[in-house]
Amino acid sequence: MPVRYSGDIAEHQAVRTAAGLFDLSHMGELSVRGADAAAFMDFALAGRISAVKLWGAKYTMLCNEAGGVIDDLVVYRRDWDHFFIVANASNKDRVLSELRARLGGFEATVEDISRQIALIAVQGPMSAQITASMCVQGADDIEAMRYYSGSNVLLEGGVHAFAARTGYTGEDGFELFVGADKAAGVWQLALERGAACGIIPAGLSSRDTLRLEAGMPLYGQELTEQTTPFEAGLGRIIAFGTAEKPRRDFVGREALAKVKEQGVARQLVGLIGAGRRSARTGYAVTDADGNQVGVVTSGAPSPTLGKPIAMAYVPVAMADPGTVVGIDVRGRREEMTVTALPFYKRDK
Amino acid sequence: MANIPDELKYSAEHEWVSGDPTVGSVVTVGITEHAAEALGDIVYAEAPAVGDTISAGEVCGELESTKAVSELFSPVTGTVTEINPALESAPELINSDAYGEGWIFKVEITKTPKMLIGPEAYSALTD
């Protein structure tokens, strides 16, 4: 995936106002099958995956015993005994080995199918119209599909695809999983059918500013093995169950329950700046005396807001919206204000 | 391939200098098309202030795009006489016209430049 095709801002705006086309074939895809697949997923992952309905999708995490995040994942249910996991490319091998290490006692298998699968994403307000126009079977399903669910469709040219209404841009959008040898044809088809709607190819740089505006975490920046989902503001994705219906054991449960009970010391927040200089990954967050109290995980000039935005870990005492913090931007202090995430929310 | 005009001089840090680079003369400074393309859409340009004394090879400003931030190095030693006022509201001129309307500042040279290179040598750097 290139950094850009035409220009970062043009690609960003195309996704916000019309449509952008992303080649995400580098992402990792794993297939989990077997009679115990659902029970295994419940044990291995932070969410209650067994509750996902057929064709449904769920954002979840693979945690270690200490509650740290090994990867954030989207899980799709393809059948009662079949799940499909999308993992970050750089974590895919680790996710595969961790999942396999957790298989003991379950009748299930985990296979890496990344090399056989290409992923083409159509994202933006025109994405449903464009994606439906690419289908010879299932166009109605595309239009009717709920967010975070999927369906099998047949694309023009006889290409079978699993189409899911998911994405990483904060816009409506579809992700098309197709055979690796079909990627170029599907890409061309999307450009051709989307041309009248203003679709353009979009690269990694726009993907990063789009997800940042949408307040979505990026693994390696907001999420690491040293971060718990609670610190990242994603405690809701951990299912502990209720007193009447407690969830069975899962990896990381003990540590995560403790964090939930005791609370966190630092928290991921959104920051907006009034100036022109942007905070960037790794820059220090400082208090009024200039002492480092936190760290910026992502930051960029927001194309939509026209102001610098960032996400950062700060002490809980400084995490309330309206709090002004300092950022050491290459030796000079810039002020940013804590704000509720996301920075951008589409009109539905 | 990014354009590298023959009539300009260049620095290894991807600035261009137009005019006669000798002591006492005023030259115009900008960044090359190659550098602008690598940065992506520039949304903020911080140039030195008029009257600032700047030194060849030292940081004198910064350029920020959505993707990255890059320091601006002075290609010559001298006193800043003018900054491009258009960049305040339209920093994207650096992307659209790197050698023209996207110029960044003008400087009166106070020391004979030693680090400037010609278009062929700069072209070799960007290969």
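Going down the list, the sequences are from chains A and B.
Position 157 of the first sequence, counted from 1, bears residue number 157 in our numbering, the numbering being contiguous throughout.
Count along the second sequence from 1, then add 1000; that gives the number in our numbering.
Note that the Cβ used here is the ideal one computed from N, Cα and C, for glycine as well.
Nothing here was measured: the structure is a model prediction, and the numbers come from that model.
query	result
Return no unless some Cβ of chain B is closer than 7 angstroms to the Cβ of Q6/A.	The identity of residue 6/A in the sequence shown is Ser, whereas the question assumes Gln. No, its Cβ sits nowhere closer than 7 angstroms to a Cβ of chain B.
When the distance is taken between beta carbons, is A57/A closer than 7 angstroms to S151/A?	no
From the DSSP secondary-structure annotation, give me the bridge partner or partners of M311/A.	G270/A, S298/A
Could you check what DSSP says for T1079/B in three-state terms: helix, strand or coil?	strand
Taking all protein chains shown into account, decide if V264/A is buried (16 or more other Cβ within 10 angstroms of its Cβ) or exposed.	buried
Quick one: which chain B residues come within Cβ less than 7 angstroms of T350/A?	The requested residue 350/A is not part of the displayed model; chain A covers only 1 to 348.
Under the three-state reduction of DSSP, which class applies to G56/A: helix, strand or coil?	strand
For L154/A, which three-state DSSP category applies?	strand
Quick one: list the residues of chain B neighbouring A118/A, beta-carbon separation under 8 angstroms, in chain order.	Here the premise fails: no neighbours, minimum Cβ distance about 25 angstroms.
Against chain A, with Cβ distances strictly below 7 angstroms, would D1041/B count as a contact?	yes
What separation, rounded to the nearest whole angstrom, lies between the Cα atoms of G290/A and G282/A?	16 angstroms
Nearest by alpha-carbon distance to L268/A: which of Y59/A, G47/A, G294/A is it?	G294/A
Going by DSSP in three states, A284/A sits in which element: helix, strand or coil?	strand
Could you confirm whether any beta carbon from chain B is found closer than 7 angstroms to the beta carbon of P301/A?	yes
Please tell me whether G167/A and Q221/A are closer than 7 angstroms, where the distance is taken between their beta carbons.	no
Does any heavy atom of the ligand FAD sit closer than 6 angstroms to the C-beta of A310/A?	The model depicted lacks the ligand FAD and carries no ligand whatsoever.
Taking three-plus beta-carbon pairs below 8 angstroms as touching, is the stretch 179-188 of chain A in contact with the stretch 76-88 of chain A?	no
Answer yes or no: do D112/A and L96/A have a C-beta to C-beta separation smaller than 7 angstroms?	yes
Contact check, V1080/B vs I1054/B under 8 angstroms by CB: the rounded distance?	6 angstroms
Going along the chain, which residues of the stretch 1060-1079 of chain B sit with their C-beta nearer than 9 angstroms to a C-beta in chain A?	E1062, E1064, S1065, T1066, K1067, A1068, V1069, E1071
Is there at least one Cβ from chain A nearer than 7 angstroms to Y1122/B's Cβ?	no
By the 7 angstroms beta-carbon criterion, what residues does the stretch 118-150 of chain A contribute toward chain B?	none
Does the pairing of the stretch 1020-1037 of chain B with the stretch 1104-1115 of chain B give three or more beta-carbon distances under 8 angstroms?	yes
Using 7 angstroms as the limit for Cβ to Cβ distance, is Y1044/B near chain A?	yes
Helix, strand or coil: which one does DSSP assign to K1106/B?	strand
Can you look up M27/A in the DSSP assignment and give me helix, strand or coil?	coil
For K1111/B, does the three-state DSSP call read helix, strand or coil?	coil
In angstroms with no decimal places, state the Cα-to-Cα distance between V32/A and P315/A.	39 angstroms
One question on the structure: do M61/A and P229/A come within less than 7 angstroms of each other, judged by their Cβ atoms?	yes
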